[in-house]
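Counted from 1, the sequence shown has number 20 at position 20 by our numbering; the numbering is strictly sequential.
Where is the CB? At the ideal position from N, CA and C, for every residue including glycine.
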Amino acid sequence: MDMKFVKGLVIGGLVTTGMVMLWQNDNMFNTNKMMKKGKKFVKKMGIM
1 MDMKFVKGLV IGGLVTTGMV MLWQNDNMFN TNKMMKKGKK FVKKMGIM
């Protein structure tokens, strides 16, 4: 499997999860927390 494809899947999954969280509760505090967790996760995966 191509690494770019895997990275695309991971980023796509994070974006989708973020959008669902945003849609479920229009709470900026929770959204910011999710973005921080997402960014930490992306850094752990070594994508950014």
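Is threonine 17 closer than 9 Å to glycine 46 when the C-beta atoms are compared? Counting from 1 along the sequence shown, the entry for residue 46 is found at position 46. Counting from 1 along the sequence shown, the entry for residue 17 is found at position 17. Result no, Cβ atoms of glycine 46 and threonine 17 do not sit closer than 9 Å.
Can you tell me the Cβ-Cβ gap for leucine 14 and phenylalanine 41, rounded? I've got them flagged as a contact below 8 Å. In the sequence shown, the residue the question calls residue 14 occupies position 14. In the sequence shown, the residue the question calls residue 41 occupies position 41. Between phenylalanine 41 and leucine 14 the Cβ distance is about 7 Å, and since that is below 8 Å, they are a contact.
Could you tell me whether the Cβ of asparagine 32 comes closer than 9 Å to any Cβ of chain B? In the structure shown, chain B does not exist; there is a single protein chain.
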